[in-house]
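K.L.:
Residue numbers (our numbering): 213 to 698.
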């Protein structure tokens, strides 16, 4: 699984630039030091270090930035983990271990407090640096993929909690903290922040995620429906995309957040909504190391910066759109993208629409008792321990969970469909084409990896238009395939 953590050598690569920004802030304010104590500020300064134990708890570390050095104050019982797993090369940091029963930062410390420089710190972290932007792109892509997988796996008879559980599990497996996981089925679409319940999904559902990894938070909303669209809902969704376009068009470097907010909210009445619709739910704002950094409100004075992330979320009854975007040199770049999700062009951008699923997925209108949802793919093998080791090396993961009298090994996979090795019929004959494939981003790297493993029957990379693929065989002769989108 790619993108879970940066290499240790990559941690800290952006810290000199961040330090320079903070020292400039101190110089402007005439302060000799500043204490960073929130998850947002500490994770930003320490290149995505996980500063929590409980998702609802206070940070276990704080940073004191001075002109001559940076001091990381960390509770002693957390220090070794942070040094080994979170901070990478910490040679530029003075680490102070604080007994767990004492204040993390003494009240007597002569330093500017983060709370007294909130707006300046937001401005300092607004423009994403190369290392954090690379991490953010991977995170946003994987959040979008998790939403697609959850929508494809959902059925009308599922409860909202069923869908939320699969979605949250997928995020956690990818190393993403599910800070917000919302699901509303047909009966609860009126709620703007629908915490999941035991209500059924029904014929339409909204899925919302705010997922955090390396301190950065990706935000996205998706809709799935079963059967034909309701004309009124389809019209509201189309118009809410035009409202979003008003927000995105106005989000240009140099504008104030208040100016963008005014232009975006004016889009409601321009597209046939109640002119006070914006008052019924927040509209989003800047993104990055906080869910909204900050949430936009009338008159907000923050300046939009080149390289800054945003997540606008205009909403009306039965309609909402939300993606994490980057304000780049060419304009708005949507980051939470999965090519599998259906889109339509709005104001020159590909924007998400409802994922349409057949109505008979519910089972009630189907002539078959089989749901049509694939649960698991089996690969026949002759010697399970040997095969489990080979596939673990192939996929760069642990060997998986062995069960059923040591005859089945479930491989680690992403998404709703599982893959398992099956040694129940060792006298099988391996023949025919591949029965499934794995996705990858770089087939050249895949081929080099396969060559290093000495796999059998390794083919060339074949381009068939929308995708390219490569085929090879496992030690038992099973044909396997890896694909990449072109």
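C-beta: ideal position from N, C-alpha, C; glycine also.
Take residue 216 and list the residues in its own chain whose beta-carbon comes closer than 6 Å to its own, dropping the five residues that flank it on each side.
P.N.:
Unreliable placement is indicated for residue 216, whose pLDDT of 44 sits below 50; the coordinate value is still reported in the next sentence. Cβ neighbours of residue 216 beyond the five flanking positions: 387.
K.L.:
Quick check on residue 254: does DSSP put it in helix, strand or coil?
P.N.:
Residue 254: helix per DSSP, three-state reduction.
K.L.:
Where residue 698 and residue 672 are concerned, what is the direct C-alpha to C-alpha distance, given to the nearest angstrom?
P.N.:
When rounded, the distance between both Cα atoms is 16 Å.
K.L.:
Over what stretch of residues does the beta strand (DSSP E) that includes residue 452 continue unbroken?
P.N.:
Careful: residue 452 lies outside any beta strand (DSSP E), inside the alpha helix (DSSP H) at 443-462.
K.L.:
Please report the distance separating the alpha-carbon of residue 316 from that of residue 271.
P.N.:
Looking at the two C-alpha atoms, the distance is approximately 9 Å.
K.L.:
Cβ atoms of residue 342 and residue 371: under 8 Å apart, would you say?
P.N.:
Cβ distance not < 8 Å, so residue 371 and residue 342 don't count as in contact.
K.L.:
How many Å lie between residue 374 and residue 464 at the Cα?
P.N.:
Approximately 40 Å between the Cα atoms of the pair.
K.L.:
Between residue 158 and residue 294, what straight-line distance do the alpha-carbon atoms span, to the nearest angstrom?
P.N.:
Because the chain here runs from 213 to 698, residue 158 falls outside it and cannot be looked at.
K.L.:
Is residue 576 helix, strand or coil when you go by DSSP?
P.N.:
Because residue 576 carries a pLDDT of 44, less than 50, the predicted location of this residue cannot be relied on, and the following value inherits that uncertainty. Note: residue 576 maps to coil in three-state DSSP.
K.L.:
Who are the near neighbours of residue 397 in its chain, counting only those whose CB is closer than 6 Å to its CB and skipping five residues on each side?
P.N.:
Excluding sequence neighbours, residue 397 sits near 372, 411, 412, 413, 414 and 417.
K.L.:
For residue 492, count neighbouring C-beta atoms within 10 Å of its own C-beta (all shown protein chains included) and say buried if the count is 16 or more, exposed if not.
P.N.:
The residue is exposed, with fewer than 16 neighbouring Cβ atoms inside 10 Å.
K.L.:
Using 8 Å as the threshold, is the stretch 560-569 in touch with the stretch 465-480, meaning 3 or more CB pairs across them?
P.N.:
Contact fails: fewer than three Cβ-Cβ distances are below 8 Å.
K.L.:
Buried or exposed: where does residue 651 fall if 16 or more other Cβ atoms within 10 Å of its Cβ makes it buried?
P.N.:
Exposed, because fewer than 16 other Cβ atoms sit within 10 Å of the Cβ of residue 651.
K.L.:
From residue 692 to residue 234, what distance separates their C-alpha atoms?
P.N.:
Using only the alpha carbons, I get a separation of about 52 Å.
K.L.:
What do you get for residue 526, buried or exposed, if any count of 16 or more other CB atoms within 10 angstroms of its CB means buried?
P.N.:
Buried is the call here.
K.L.:
Starting from the C-beta of residue 553, find all residues in its chain whose C-beta is less than 6 Å away, skip the five residues before and the five after it, and write them out in chain order.
P.N.:
Same-chain partners within the cutoff: 360 and 564.
K.L.:
Quick one: which unbroken beta strand (DSSP E) runs of 3-plus residues sit fully inside the stretch 469-515? Chain order, please.
P.N.:
Listed in chain order, the complete beta strand (DSSP E) runs (minimum 3 residues) inside the stretch 469-515 are 496-499.
K.L.:
Does the count of Cβ pairs from the stretch 482-499 and the stretch 586-602 closer than 8 Å reach three?
P.N.:
No, the stretch 482-499 does not touch the stretch 586-602.
K.L.:
Going by DSSP, what residues sit across from residue 282 in a beta bridge?
P.N.:
Per DSSP, 277 and 305.
K.L.:
Secondary structure at residue 339, three-state DSSP: helix, strand or coil?
P.N.:
Looking at residue 339 - three-state DSSP - the assignment turns out to be coil, as it is neither helix nor strand.
K.L.:
Which partner residues of residue 592 appear in the DSSP bridge assignment?
P.N.:
According to DSSP, residue 592 bridges with 634.
K.L.:
Following the continuous alpha helix (DSSP H) through residue 300, name the residue where it begins and the one where it ends.
P.N.:
Per DSSP, residue 300 belongs to no alpha helix (DSSP H) and is neither H nor E.
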